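What follows is a set of notes on a single structure, which appears directly below.
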Amino acid sequence: MGYRNLTDCINDLDRAGRLVRIAQEVDPYLEAAEIHRRVFEAGGPAILYERVRGCRFPMVSNLFGTLERAKFLFRDTLEMVHRLVELKADPMEALRSPLRAARAFPTAWAMRPKFVSRGPVLEHETTIPELPQVQCWPDDGGAFITLPAVYTEDASAPGWPRSNLGMYRVQLSGGEYTAGLQVGMHYQIHRSIGVHHAAAIAKGVRFRVNIFVGGPPALTLAAVMPLPEGLSELTFAGALGGRRVRMARRNDSLPIAVDADFCITGTIDPERQLPEGPFGDHLGYYSLVHDFPVLNVERVYHRAGAVWPFTVVGRPPQEDTAFGDLIHEITGPVIPTVLPGVKGVHAVDAAGVHPLLLAIGSERYVPYASERTPQELLTQANAILGQGQLSLAKYLLIVAGEDDPELNVQDEAAVLRHLLERVDWTRDLHFQTRTTIDTLDYSGSGFNQGSKLAIAAAGRARRQLPTELDSELPLPERFGNPRVALPGVVAVEGPEVSREGSSPAESLRRFCRFLDESQALRSFPLIVLVDDSEFAARSLQNFLWVTFTRSNPAADIDGAGAFTEEKHWGCSGPLVIDARIKPHHAPPLVPDAAVARRVDALGAPGGALHGVI
39 MGYRNLTDCI NDLDRAGRLV RIAQEVDPYL EAAEIHRRVF EAGGPAILYE
89 RVRGCRFPMV SNLFGTLERA KFLFRDTLEM VHRLVELKAD PMEALRSPLR
139 AARAFPTAWA MRPKFVSRGP VLEHETTIPE LPQVQCWPDD GGAFITLPAV
189 YTEDASAPGW PRSNLGMYRV QLSGGEYTAG LQVGMHYQIH RSIGVHHAAA
239 IAKGVRFRVN IFVGGPPALT LAAVMPLPEG LSELTFAGAL GGRRVRMARR
289 NDSLPIAVDA DFCITGTIDP ERQLPEGPFG DHLGYYSLVH DFPVLNVERV
339 YHRAGAVWPF TVVGRPPQED TAFGDLIHEI TGPVIPTVLP GVKGVHAVDA
389 AGVHPLLLAI GSERYVPYAS ERTPQELLTQ ANAILGQGQL SLAKYLLIVA
439 GEDDPELNVQ DEAAVLRHLL ERVDWTRDLH FQTRTTIDTL DYSGSGFNQG
489 SKLAIAAAGR ARRQLPTELD SELPLPERFG NPRVALPGVV AVEGPEVSRE
539 GSSPAESLRR FCRFLDESQA LRSFPLIVLV DDSEFAARSL QNFLWVTFTR
589 SNPAADIDGA GAFTEEKHWG CSGPLVIDAR IKPHHAPPLV PDAAVARRVD
639 ALGAPGGALH GVI
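In this text, residue positions in the sequence shown follow the working numbering: the first is 39, and each later residue adds one.
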C-alpha cells in the first residue's frame, strides 16, 4: 500500500489486526528490545510502545517481522516492482508482453523524487538526548539507531541521481561523544557512503549527512537494497512505495525526506574518528570498539506525532531476516544477468549472512566429458566474490546445477548434502588468504582481516553419507562426545581453547594426526570441532551458526592426509573445521535475566502481551 508516512502504516496494521499496543510504560534500556525479541520469536505482530520511559515519543518495532507482513505492507506495489525487475533482467519481455510491461510504467514514474518547499518533518525540532535511547544488549556501548536511512551525495557529481540511502548504524550516546552534539557513524570505505566520503575529501568540501528515521516503510527497505553503485535508492523507495519520495532543501543542507518522522542533519568531522561500540550485531556476537567517523550534529527535526521505529539485531533469525527474504524475492531474477551461468545465490541467514554463501552455477565447459569436474564453477565463484556485499563472504559453496536441476539454493540442508556427496577434498578447496572479511566478523586474524574458501563440487556422487556413528568410536585424549549433525557431518567436542596448553592450531593438527593413523570417522567427509557438540548438532541453524561464524578458513581448517602441492592445499581423508571459540573471538550475546523476567509478566494473564508471547 502506498503509505504517505509511518503513521498511515501503523494505523493500517492496527485495523488489520497485525499490531499490538502496549499502553504501560516501557524502558528503552533493554526492556523494549527484550519485548521485541520475544514477540518476533513467537511470530507475533508489530508492536507500538505508547509510553516510553524518559521520552515523549512513542516507538514501534517488528514492522517487518515476518515475510508475510512485509509483503502485506507493499501489497499494492510489489507486483509492479517485480515487473520492473523482470524488464531489467530481460528487456525483450517488453516486446513479448507489451501490455504487461506497460502496466509497470506508472511505477517507473514514481521512481523520480518530488521536490517541495516544505513538509511535516521540518515543522518541529528537538535534541539528540530527547530521542528514544534504545539499548538492545547489556554490553552495548550506548543507545543506537537501528533503522536509520542515511542520505549522502557524491561531491564529484552532486544531486539526487547519484545519492546513496544506506542503513548504517548510528550511536546516539556513550563512548567519547560530546552528548547531544556528536553521534557515531559505523561505515566502511567500500560502502557507497564511504565512496562519497572519499569524494568530499578529494574535493576539499564538508561531507554532509542526513539521517532519516521513520517515514514510509518503503524508505526503510530501500536503505538496505543492494542496488548498483550510482543508482539512487530513492528511485526504489518511490517504486515500492507507489508514490514519489518528497524531498526539500533547507538552507545549504542536503535534501530532506519530508515525510520521515525524524531527521538528524550534520557534517562528518574531517579531523578525527572516535571509538564506536560495542554493539550486539547480526552474527550473534558483539562487534567491539573501533574508531569510526563522527557526525557533528546541526539540527534534529521531527514531525508532529512522530513515532520512533527500531529493530533488534542479534543472532539470526531476527527481523532483518524478513528483509533478506523480501530482497531475495525481488532481486533473484536479476542474478543470471549480472553473473552469467549462476542460477542462484543464497546468503545463509542462520550463519550471519556474510560468513556463508551457497550458490548453484553451471558446468558447461566440456559437456562431452565423461566425468564432470569444477571448471566453469571456479570462474563463477570468483565473479560472485567480486560483487558488492557478496565480496564479504568467508565461505562460498558452489555446485553445478546440471547435476540436479531440481536443487533449490534456499534449501541449505539439501545443498550441503549434494556438495558433500560429490566433493573431492584433494581438488575442490580454493583458498584466498590474507584478505578482507566482514568488519563485524572476529574469527579472522585481525580487524577486517581473514581468509576465504570457495568449495566447488560437480559430477556424479562419490559417496553415500553416513548418518550413524560406531558405538565403540575411539577418539584422541580430550576429544569426545561425537554427534552426527547432518548426513556425513560429525560434531566433536575438543578441548577448550582458553585452557589448552597448546595453540588451537596444534590441537587441530593433533586431532588430524589421529585421523591419519586411525580408520575412525573416515567415512564422514566433514568433521567439525566444537565446544558443545549437543548444541551444534541440535538443529541445522545451530550447526550453521557455530561452524561458519567461529572459523577462519586458512587458520581453522585441516584434514586427514593433508598435503600441499604447487601451492594447492588438500586432504585425502575427512576435512576438519575447528569451530571452537578462540580467545580473540567477540563474546556472544546474552540477554539480561532480570529484564527477561519483567517481560515474562507481560505475557502472563492480564498482561499486555498475554496470548502473544
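Glycine residues also receive a C-beta, built at the ideal position from the N, C-alpha and C atoms.
Bear in mind that the values here come from a model prediction, so they are computed numbers and not experimental data.
N-terminal and C-terminal residue of the alpha helix (DSSP H) that residue i is part of
i, result
"G276", "E271 to G279"
"F573", "S571 to R576"
"L219", "Per DSSP, L219 belongs to no alpha helix (DSSP H) and is neither H nor E."
Residue i: first and last residue of the uninterrupted beta strand (DSSP E) it sits in
i, result
"G379", "Per DSSP, G379 belongs to no beta strand (DSSP E) and is neither H nor E."
"S481", "Neither: S481 is in no beta strand (DSSP E) and is coded neither H nor E."
"Q171", "Run containing Q171: none; DSSP gives neither H nor E here."
"H606", "H606 to C609"
"H340", "H328 to H340"
"D596", "I595 to G597"
"A261", "Segment: none, A261 is in no beta strand (DSSP E) and carries neither H nor E."
Backbone CA spacing between residue i and residue j [nearest angstrom]
i, j, result
"V574", "A452", "The sequence given here places Ala at residue 574; Val does not occur at that position. Distance between the alpha carbons of A574 and A452 is about 18 Å."
"A261", "H340", "19 Å"
"A592", "V566", "15 Å"
"A360", "G352", "14 Å"
"A632", "I73", "13 Å"
"Q311", "P331", "5 Å"
"R56", "D46", "14 Å"
"T474", "I48", "41 Å"
"N580", "L524", "11 Å"
"G532", "N519", "9 Å"
"R94", "E168", "8 Å"
"P196", "E336", "21 Å"
"L445", "H384", "13 Å"
"S211", "G180", "5 Å"
"R288", "N248", "11 Å"
"L272", "M118", "16 Å"
"L111", "N100", "12 Å"
"A140", "D441", "Its pLDDT being 46, under 50, A140 is placed unreliably in this model, and the value from its coordinates should be taken loosely. Distance between the alpha carbons of A140 and D441 is about 39 Å."
"L105", "H366", "11 Å"
"A388", "P354", "5 Å"
"V338", "V376", "40 Å"
"R472", "P199", "37 Å"
"R59", "R75", "16 Å"
"L395", "I373", "14 Å"
"E88", "D50", "17 Å"
"A238", "D114", "39 Å"
Beta-carbon proximity of residue i to residue j, cut-off 7 Å
i, j, result
"A625", "Y324", "Per the sequence shown, the amino acid found at residue 625 is Pro instead of Ala. The answer is yes: Cβ separation under 7 Å."
"I398", "G382", "yes"
"P176", "G252", "no"
"L435", "L457", "yes"
"L203", "A193", "no"
"L640", "A634", "no"
"R402", "G497", "no"
"G611", "R560", "yes"
"L269", "L478", "no"
"V64", "A70", "yes"
"F250", "Q209", "no"
"A148", "A277", "yes"
"G362", "S400", "no"
"G26", "P313", "Summary: the structure shown does not reach residue 26, with the chain confined to residues 39 through 651, and so no result is reported for it."
"Q413", "V380", "no"
"L659", "G526", "Only positions 39 to 651 of the chain appear in the structure, and residue 659 is not among them; the question remains open."
Contact set for residue i: own chain, Cβ-Cβ below 8 Å, skip 5 residues either direction
i, result
"H623", "Y323, Y480, S481 and R588"
"V461", "I493, A495, R500 and P563"
"H234", "T190, E191, D192, A193, N202 and F245"
"L326", "G315, P316, Y480 and A624"
"G218", "T165, I166, P167 and V335"
"A558", "D508, L511, P512, L513 and F552"
"L133", "Note that L133 has pLDDT 41, beneath the 50 cutoff, so the model's placement of it is unreliable and the number below is only indicative. Same-chain partners within the cutoff: there are none."
Cβ shell of residue i (< 6 Å), same chain only, five flanking positions each side left out
i, result
"Y67", "Q173"
"P129", "Residue placement at P129 cannot be trusted, given a pLDDT of 48 that sits under 50; what the coordinates show is reported in the next sentence. So the list is empty, once near-sequence residues are dropped."
"G279", "G40, P254 and A256"
"D476", "H392 and L430"
"L37", "Since the first and last residues shown for the chain are 39 and 651, residue 37 lies out of range."
Own chain, CB closer than 7 Å to residue i, minus 5 neighbours either side, in chain order
i, result
"T585", "V566, I615 and A617"
"P621", "V535 and S536"
"I619", "V535, D569 and R588"
"A344", "F95, G252, D299 and F300"
"L116", "K109"
Closer than 7 Å to chain B by CB, residue i
i, result
"S481", "The structure shown contains no chain B; it holds only a single protein chain."
Indicate whether the contact test is met: 3 or more Cβ pairs, each with one atom in the region 541-558 and one in the region 473-485, closer than 8 Å. Segments in contact, no.
On the three-pair Cβ rule with 8 Å, is the region 426-436 touching the region 550-567? Between the region 426-436 and the region 550-567 there are fewer than three inter-stretch CB-CB distances shorter than 8 Å, so the stretches are not counted as touching.
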